[in-house]
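In my numbering, each number is its position in the sequence shown, counted from 1, plus 819. Just so you know, even glycine gets a beta-carbon here, dropped at the ideal spot from N, CA and C. All of these numbers come straight from a predicted model, not from anything done at the bench. Below is one structure; the comments refer to it alone.
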Amino acid sequence: MMIFRLANPFGLLFLIFPFACLLIFVLNRFIFKKGVKITGVSNFEKGISFSILGYYLAVLSILIGLFLIGFSLARPQSGIKKEKTVSNGIDIMIALDVSGSMTTRDFFEQSRIDGAKKITKEFIDKRKGDRVGLVSFSESSFLKCPATVNFTLLKSVIDRIFIDPQKQSSTSIGIGLASAINRLLQIKDSKPESKIVILVTDGINNSGEISPETALELAVSEKIKVYTVGIGGSDEVDVALLQNIAQKTNAKFFHSKTSGELGDVFAEIDKLEKHEIETIEFTRFKDIGYQYASLGIILMLIGLILNTLFFKRLG
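Spelled out as structure tokens, the structure:
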């Protein structure tokens, strides 16, 4: 279904100007009766009706042109509204480590980040009816994508993640985990039992204002399960920390090199209590204000040309 909206409703205030012009015209023409427009001498024999008709056409064109230009300032937009869908699912935030060490190429002839991205996308493909979002972290955290059912968009965001191998940033697991939990807490239409975090990292916590223990306390208090996934060699992953986070939140820890090892994660998540997720999707709105503005300019030019070529004002 086609829908219409105004991105800048305050632009409608400009319409005061053409309405004021219309009011002045009506007052002058019909009340005060100031100024009379007639044709030039060469056209006079064709009848006064031609003069009156052309006069009003010129005024009408200018006023409509002003109205359309004013309306375009409100930024009219059109879009297509898709059908509302309701599904049963859970809310998932993935916290993905993007520190410099994730560029190490020891993940079956590819870098750890490429392996993590592959695992993450395969996990997303297996979700049915869930909302999944993404937070990346190194020294600080960034929201890459809020929880969504648009997995095509989410996977494209994951594909665009890039780590500069020359920038060996630190790893703040606490900040990454806390950020993911905070994003889940902002979702008000689901229960804590229907919210989980999947923490994917290859290192140990060595920076950040929020410790993993503090973030863990938040997860426990909010009853949010945290599944932890270690990527890379055992000597670099803080296995004890990741196991503790998973255990304290009644989840599981996995030290994975392939997505196949995550089958148990999928099975565990499928057992979680689900809730109704209502989704209404819209296409991107397209600005169509330029169409109104263009038509308005054309009408104003026509009005001015009519006024200039065919009429003159007599005292």
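Close CB contacts of residue 1027 within its chain, under the 6 angstroms cut and outside five residues either way in sequence, are with 991, 993, 994 (chain order). The alpha helix (DSSP H) runs of length 4 or more contained entirely in the stretch 1030 to 1068 are, from start to end of the chain, 1031 to 1040, 1058 to 1067. Here the stretch 873 to 888 makes contact with the stretch 1113 to 1130; the two share three or more CB pairs at distances below 8 angstroms. Bridge partners of residue 1075 according to DSSP: 1050.
The stretch 954 to 965 makes no contact with the stretch 927 to 945; the number of CB pairs closer than 8 angstroms stays below 3.
Within its own chain, the residues whose Cβ lies closer than 6 angstroms to the Cβ of residue 924, once the five positions on either side in sequence are excluded, are 930, listed in chain order.
Contact check for residue 919 against residue 988 passes: the beta carbons are separated by less than 7 angstroms. Under the three-state reduction of DSSP, residue 950 is assigned to strand. Here DSSP, grouped into helix, strand and coil, assigns residue 892 to coil. With a threshold of 16 other beta carbon atoms within 10 Å, residue 1075 meets it and is buried.
Looking at the DSSP output, residue 1020 sits in a beta bridge with 1049.
Between the alpha carbons of residue 1038 and residue 1063 lies a distance of about 12 angstroms. Apart from the 5 residues on each side of it in sequence, residue 1126 sits with its Cβ closer than 6 angstroms to the Cβ of 877 in its chain, given in chain order. When DSSP reads this structure, residue 962 sits in a beta bridge with 954.
The shortest C-alpha to C-alpha distance from residue 982 to any of 843, 838, 916, 966 is the one to 916.
By a beta-carbon distance limit of 8 angstroms, residue 1031 contacts residue 996. Their separation comes to about 6 angstroms.
Under the DSSP assignment, residue 850 falls outside any alpha helix (DSSP H); it carries neither an H nor an E label. Residue 1043 counts as buried, since at least 16 other C-beta atoms from the protein chains shown sit within 10 angstroms of its C-beta.
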